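This report concerns only the one structure given below.
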Amino acid sequence: MPPSNHPNKIRHISLLTCLSLVTATMVGTGVYTSLGFQLQDLHSGFTILCLWALGGLISLCGALSYAELASRIPRSGGEYTYLTEIYHPALGFMAGFVSLIAGFAAPIALSAMAFGTYLHAAWPSCPMNAVPIATVILISFIHLQSLQTSSLMQNVTTGVKFLLLATFLVLGMWSAASHPQKVALLLPLRGSLSELLHPSSGVALLFVLYAYSGWNATTYLAGDVQGSKTTVGLSLVLGTLIVTLLYVLLNAIFLTAAPADEMIGILNVASVAASHLIGPIGGALMSGLIAMGLLASMSAMIWAGPRVTQKIGEDHLMFRKLALTSKNGIPRRASLLQLALVLGLLWTGSFESILICSQIPLLVCLILGTSGVLVLRSKASHTLSAGTQPTFRCPLYPLPPALFILCSLAGLVYAAMSKPFFAIAGFIILAIPLALYPWVTRKPARRP
Numbered sequence: 000m001p002p003s004n005h006p007n008k009i010r011h012i013s014l015l016t017c018l019s020l021v022t023a024t025m026v027g028t029g030v031y032t033s034l035g036f037q038l039q040d041l042h043s044g045f046t047i048l049c050l051w052a053l054g055g056l057i058s059l060c061g062a063l064s065y066a067e068l069a070s071r072i073p074r075s076g077g078e079y080t081y082l083t084e085i086y087h088p089a090l091g092f093m094a095g096f097v098s099l100i101a102g103f104a105a106p107i108a109l110s111a112m113a114f115g116t117y118l119h120a121a122w123p124s125c126p127m128n129a130v131p132i133a134t135v136i137l138i139s140f141i142h143l144q145s146l147q148t149s150s151l152m153q154n155v156t157t158g159v160k161f162l163l164l165a166t167f168l169v170l171g172m173w174s175a176a177s178h179p180q181k182v183a184l185l186l187p188l189r190g191s192l193s194e195l196l197h198p199s200s201g202v203a204l205l206f207v208l209y210a211y212s213g214w215n216a217t218t219y220l221a222g223d224v225q226g227s228k229t230t231v232g233l234s235l236v237l238g239t240l241i242v243t244l245l246y247v248l249l250n251a252i253f254l255t256a257a258p259a260d261e262m263i264g265i266l267n268v269a270s271v272a273a274s275h276l277i278g279p280i281g282g283a284l285m286s287g288l289i290a291m292g293l294l295a296s297m298s299a300m301i302w303a304g305p306r307v308t309q310k311i312g313e314d315h316l317m318f319r320k321l322a323l324t325s326k327n328g329i330p331r332r333a334s335l336l337q338l339a340l341v342l343g344l345l346w347t348g349s350f351e352s353i354l355i356c357s358q359i360p361l362l363v364c365l366i367l368g369t370s371g372v373l374v375l376r377s378k379a380s381h382t383l384s385a386g387t388q389p390t391f392r393c394p395l396y397p398l399p400p401a402l403f404i405l406c407s408l409a410g411l412v413y414a415a416m417s418k419p420f421f422a423i424a425g426f427i428i429l430a431i432p433l434a435l436y437p438w439v440t441r442k443p444a445r446r447p
């Protein structure tokens with residue numbers, strides 16, 4: 000029975016907890032690594048900040064749409080459940096497959112790469128290629144122990160993450176106040192508008208949307224939220240607005256703290272910015288803190304990812320072994336499968352190729368999920384869950400879902416035009432589960 004159908008169910012999660020969940024899930028690798036790749040094709044600080052603000056607006060529209068979607072289908076599984084119930088189980092299976100590869104394995108690999116780069120900047124003798132592999136293996140085995148161990152590690156690393164953010168913002172604002180002329184680097188230039196409309200901005204937007212991933216976090220537990228009629232939607236809106244402000248401020252600090260030439264094409268843009276703000280020693284120290292903060296992102300995804308794979312195992316007989324858990328309730332086989340995928344990506348892919356190839360199928364699944372609000376609204380008499388009525392209705396409907404869908408589609412088209420080979424790889428990730436679905440769901444032949 001859906002969570003919302005338990006009349007006496009105790010709802011423990013408050014607005015503050017929901018807000019913390021949204022912001023902690025969103026803030027991670029993307030904001031510390033994207034700028035270097037954006038500067039390869041874009042030259043205006045104003046254009047880059049517009050893209051970060053646009054990414055926040057798109058994410059806000061998606062968050063508003065998903066808040067209603069979660070109230071209509073109050074069950075776990077994310078897009079795996081939504082696409083199954085709204086469209087067809089084949090699309091749900093596709094979303095589950097995409098979540099396994101692009102939703103968790105790829106972001107974990109990206110976080111590990113960024114962790115190795117920032118740790119190397121803080122400690123040059125540290126082997127930059129071996130550290131990500133060793134770190135992913137270590138964290139994975141820590142999360143195989145118990146839920147208590149996982150919770151402790153997650154709380155500590157998340158605390159470090161937000162301490163780091165506060166420190167960077169204070170340093171950046173102090174520098175801007177001391178050198179107000181640097182703010183001119185963020186003003187619009189001749190050609191800024193045409194640059195914003197260029198296909199290369201579509202690729203840059205994919206980096207931005209990757210950084211905003213996680214805006215739908217609270218929708219996965221809407222049934223356990225106090226006053227869910229308003230709390231879920233409010234937490235998504237406030238959380239996305241807070242992170243949007245943080246991201247615009249952080250990128251403004253990066254752009255004004257260091258020359259753009261020094262940040263083009265590199266992962267550790269925050270290290271370069273910190274070195275200019277507080278000197279080489281301070282920059283190395285800040286790089287170490289950023290590396291520690293990135294552990295929180297890796298830990299959260301390594302912890303959560305196997306639960307989606309476990310859900311697939313519960314629903315499909317062929318993958319039932321992935322649903323098996325240890326005596327502590329840990330889905331060990333699903334965790335080890337995820338670890339194998341992450342290690343494969345670390346050994347074979349580059350940061351840019353993994354990000355673009357994974358972001359494309361993720362965006363397609365989010366577009367389908369957001370479109371689900373339009374589908375459900377168009378079927379006024381249709382309810383997917385008996386007795387379930389939406390406790391949150393998207394304001395300004397249909398503008399938010401329509402804007403999210405159109406902007407996401409534009410980003411996909413621009414990315415396909417600028418990076419066709421990466422785009423093809425991304426769509427292959429979508430095609431594989433659709434091709435496998437008839438085989439996966441085939442009933443075993445009866446014995447004579």
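Here numbering that gives the first Met the number 0 is used: the sequence shown runs in plain steps of one and ends on residue 447.
We put the CB at the ideal spot given by N, CA and C, even for glycine.
Just so we're clear, the structure is a prediction, and the values are computed from it rather than from any experiment.
Alpha carbon to alpha carbon, what distance is there between V182 and R189?
Within the sequence shown, the letter at position 190 stands for residue 189. Within the sequence shown, the letter at position 183 stands for residue 182. Approximately 17 angstroms, taken between the alpha carbons.
Grouping DSSP H, G and I as helix and E and B as strand, with all else coil, what is R441?
Within the sequence shown, numbered from 1, the residue matching residue 441 stands at position 442. If DSSP states are grouped into helix, strand and coil, R441 belongs with coil.
According to DSSP, is M262 part of a helix, a strand, or is it coil?
Here residue 262 refers to the residue found at position 263 of the sequence shown. M262: coil per DSSP, three-state reduction.
Which term fits H178, buried or exposed, when burial requires 16 or more other beta carbons within 10 angstroms of its beta carbon?
The count along the sequence shown starts at 1 and reaches residue 178 at position 179. Per the 10 Å Cβ criterion, exposed.
Residue from N250, P432 and L208 with nearest C-alpha to S58:
The residue labelled residue 58 in the question sits at position 59 within the sequence shown. That would be L208, whose Cα lies nearest to the Cα of S58.
Three or more C-beta pairs closer than 8 angstroms, one from the stretch 309-323 and one from the stretch 290-298: is that the case here?
Too few Cβ pairs lie closer than 8 angstroms, so no.
Same chain only: Cβ atoms within 6 angstroms of A62, ignoring 5 sequence neighbours per side
Position 63 of the sequence shown, counting from 1, holds the residue named residue 62. Closer than 6 angstroms at Cβ, skipping near neighbours: W214, L235 and T239.
Cβ separation of M112 and H119, assumed to be a contact under 8 angstroms, to the nearest whole Å
Residue 112 sits at position 113 when you count from the first residue of the sequence shown. Residue 119 sits at position 120 when you count from the first residue of the sequence shown. So it is not a contact: roughly 11 angstroms between Cβ atoms.
Taking C-beta to C-beta, are L365 and V97 nearer than 8 angstroms?
Reading the sequence shown from its first residue, position 366 is the one you call residue 365. Reading the sequence shown from its first residue, position 98 is the one you call residue 97. No.
Between I252 and the rest of its own chain, which residues show a CB-CB distance below 6 angstroms, the 5 nearest in sequence each way excluded?
On the sequence shown, position 253 is the one that residue 252 refers to. Excluding residues within five positions, the ones whose Cβ falls inside 6 angstroms are G171.
Tell me whether the stretch 325-336 and the stretch 302-312 touch, counting them as touching only if at least three CB pairs, one residue from each stretch, are closer than 8 angstroms.
For the pair of segments examined, the stretch 325-336 was found to touch the stretch 302-312: the number of CB pairs separated by less than 8 angstroms reaches three.
Would you call the stretch 129-136 in contact with the stretch 32-48, where contact means no fewer than 3 C-beta pairs closer than 8 angstroms?
no
Can you tell me whether DSSP reads L392 as helix, strand or coil?
The residue given as residue 392 occupies position 393 in the sequence shown. Reading off the sequence shown, one finds Arg at residue 392, where the question assumed Leu. It is coil, neither helix nor strand.
Are there three or more Cβ pairs, one per stretch, closer than 8 angstroms when the stretch 404-416 is compared with the stretch 195-211?
yes
On the premise that L254 lies in contact with Q185, defined as a C-beta separation below 8 angstroms, what is that separation, rounded to the nearest angstrom?
For this step, residue 185 is matched to residue 186 along the sequence shown. For this step, residue 254 is matched to residue 255 along the sequence shown. At residue 185 the sequence reads Leu, which differs from the Gln that was named. Contact flag correct, Cβ pair sits at about 6 angstroms.
Using three-state DSSP, classify Q337 as helix, strand or coil.
Indexing the sequence shown from 1 puts residue 337 at position 338. Q337 falls in the helix class under three-state DSSP.
Taking the straight line between their C-alpha atoms, what separation do you get for L361 and S370?
Counting from 1 along the sequence shown, the entry for residue 361 is found at position 362. Counting from 1 along the sequence shown, the entry for residue 370 is found at position 371. If I take the Cα positions, the gap works out to 14 angstroms.
Determine the burial state of N327: buried for a count of at least 16 other Cβ atoms within 10 Å of its Cβ, exposed for fewer.
As a position in the sequence shown, residue 327 is number 328, starting the count at 1. The residue is exposed, with fewer than 16 neighbouring Cβ atoms inside 10 Å.
Quick check on Y211: does DSSP put it in helix, strand or coil?
Within the sequence shown, residue 211 is the residue found at index 212, counting from 1. Coil.
Throw me the rounded Cβ distance for the I353 and L109 pair, which I believe falls under 8 angstroms.
For the purposes of this step, residue 353 is taken as the residue at position 354 of the sequence shown. For the purposes of this step, residue 109 is taken as the residue at position 110 of the sequence shown. Taking the Cβ atoms as the reference, I353 lies roughly 6 angstroms from L109, within the contact range of under 8 angstroms.
Going by beta carbon distance, what residues of the same chain come within less than 7 angstroms of V372, once the five residues before and after it are set aside?
Sequence index remark: in the sequence shown, residue 372 carries index 373 (1-based). Only S64, E67, L68, C393 and P400 meet the Cβ criterion.
Can you give me the start and stop residues for the alpha helix (DSSP H) that M297 sits inside?
Counting from one through the sequence shown, the residue named residue 297 turns up at place 298. Where M297 is concerned, the enclosing alpha helix (DSSP H) stretches over V268 to D314.
Among the residues of its own chain, which have a CB less than 8 angstroms from the CB of T166, if the five just before and after it don't count?
Locating residue 166 in the sequence shown gives position 167, counting from the first residue. Answer for T166: M285 and L288, listed in chain order.
L345 and R71: beta carbons closer than 8 angstroms?
If you number the sequence shown from 1, residue 345 lands on position 346. If you number the sequence shown from 1, residue 71 lands on position 72. No, they are not a contact pair.
Contacts around G304, its chain only, beta-carbon distance under 6 angstroms, and the 5 residues preceding and following it disregarded:
Residue 304 sits at position 305 when you count from the first residue of the sequence shown. Once the five neighbours on either side are set aside, the close Cβ partners of G304 are F103 and Q337.
Which residue marks the beginning of the alpha helix (DSSP H) containing A129, and which one marks its end?
Indexing the sequence shown from 1 puts residue 129 at position 130. Segment A129 to H142, the alpha helix (DSSP H) holding A129.
Rounded to whole angstroms, what's the CA-CA distance from R74 to P123? Just pull it up for me.
Here residue 74 refers to the residue found at position 75 when the sequence shown is read from its first residue. Here residue 123 refers to the residue found at position 124 when the sequence shown is read from its first residue. The straight-line gap from Cα to Cα measures roughly 47 angstroms.
First and last residue of the uninterrupted alpha helix (DSSP H) at M416
Mapped onto the sequence shown, residue 416 falls at position 417. Counting along the chain, the alpha helix (DSSP H) containing M416 begins and ends at L398 to S417.
Rounded separation between S325 and L316 - CA only
As a working note, residue 325 is residue 326 in the sequence shown. As a working note, residue 316 is residue 317 in the sequence shown. Each residue's alpha carbon lies about 19 angstroms from the other.
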